[in-house]
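What follows is a set of notes on a single structure, which appears directly below.
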Amino acid sequence: MALVAPIESEIATARLRLRRLCRSDAALLALYASDARVARMTAHIPHPYPPGQAEAFVERALSPSSPIHYWAIVIGGAVEESPEDGTIRTNSLIGLVSLRPAGDGSAEIAYWVAPAVWGTGYASESVRTICEAAGRWGIHTITAQVFQDNAASIRVLMRTGFTYMGAGETHSVARGAMVPTFLYRRASGIA
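Numbering (my numbering), first residue to last: -16 to 174.
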């Protein structure tokens, strides 16, 4: 199934902007992805995070042939706290959200945010925004897979209208093992 409309490269929320990744995001991407707390809760981020990995990831994400749509989550307004120098300036990457269309009108969402902004609601705001926009793109169902020991991410999915569908498992590169997961689903649009 083809997408009904082009996927936007930038979407604004009350507090955030979800924008296309850019090469200058690689340094912050490497900083946050190299944090074991982030890597262990994702399927694909290795730990330790190899030199050059962030730059290679950004190049793949920017490729027109990438099957996954990525958005940098950036602060859209006020300056916020950062682990590096005490501030995150507007337009600085604080996380990623992605959508992988499956071709049947469904897509899988994935996301992470920097530990410095955990508990702020930024992950929930980003996930909700992408799910609401997905209907415009011809996507009617959004799925998510979360590690069973990732209570914070489970709360994000529950807050944003996802329903528990079952259990599974997937390989975590950072953990070097198969990890039990929970599977969630919701309709696109406003929930």
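All residues carry an ideal CB built from backbone N, CA and C; glycine is no exception.
It should be emphasised that the depicted structure is a prediction, and the values quoted were computed from it without experimental measurement.
Report the rounded CA-to-CA distance for residue i versus residue j, giving the unit in angstroms.
i, j, result
"S155", "A9", "22 Å"
"P84", "W120", "10 Å"
"G86", "I122", "9 Å"
"I205", "T153", "The question about residue 205 has no answer here: the residues shown for the chain are numbered -16 through 174."
"A93", "P34", "23 Å"
"Y105", "Y53", "16 Å"
"Y147", "C114", "16 Å"
"R158", "H30", "8 Å"
"Q36", "L1", "22 Å"
"A22", "I173", "30 Å"
"A160", "S7", "32 Å"
"S75", "R(-2)", "13 Å"
"I58", "L166", "29 Å"
"E91", "F40", "19 Å"
"Y176", "A99", "In the structure as shown, the chain begins at -16 and stops at 174. Residue 176 is therefore absent and cannot be evaluated."
"L140", "T112", "12 Å"
"T(-4)", "G118", "17 Å"
Going by alpha carbons, who is nearest to residue i out of the options?
i, options, result
"P50", "V100, I56, I77, L82", "L82"
"R168", "V162, T143, R2", "T143"
"A19", "A97, S75, G88", "A97"
"A150", "Q131, S136, G78, M161", "Q131"
"L12", "S171, G78, L140, L45", "G78"
"S(-8)", "A170, M141, A55", "A55"
"L162", "G88, N133, L(-1), P47", "Note that residue 162 corresponds to Val in the displayed sequence, not to Leu. Considering only alpha carbons, the answer is N133."
"I(-6)", "G88, V80, A99", "V80"
"S89", "A170, I(-10), A99", "A170"
"A135", "Y15, G118, T103", "T103"
Residue i: buried (16+ other C-beta within 10 angstroms of its C-beta) or exposed?
i, result
"R138", "exposed"
"E175", "Since the displayed the chain opens at -16 and closes at 174, residue 175 lies outside it and no answer follows."
"L4", "buried"
"E191", "Lying outside -16 to 174, the shown extent of the chain, residue 191 is not represented and no answer is given."
"H27", "exposed"
"L45", "exposed"
"V62", "Low confidence applies here, because V62 scores a pLDDT of 44, under 50, leaving its location unreliable; read the following figure in that light. Per the 10 Å Cβ criterion, exposed."
Give me the DSSP bridge partner(s) of residue i.
i, result
"E(-7)", "R2"
"W95", "L79"
"G149", "L166"
"S46", "Paired residues: none, contrary to the question."
"A127", "Y167"
"A90", "P84, I125"
"V57", "R0, L76"
"A174", "Partner(s): none; A174 has no beta bridge."
"M141", "DSSP lists no partner for M141."
On the premise that residue j lies in contact with residue i, defined as a C-beta separation below 8 Å, what is that separation, rounded to the nearest angstrom?
i, j, result
"A127", "F145", "6 Å"
"M24", "W95", "7 Å"
"T164", "V129", "6 Å"
"S17", "Y32", "4 Å"
With 8 Å set as the bound, which would you pick, yes or no: does the beta-carbon of residue i sit closer than that to a beta-carbon of chain B?
i, result
"G35", "Of the protein chains in the structure, only one exists, and it is not chain B."
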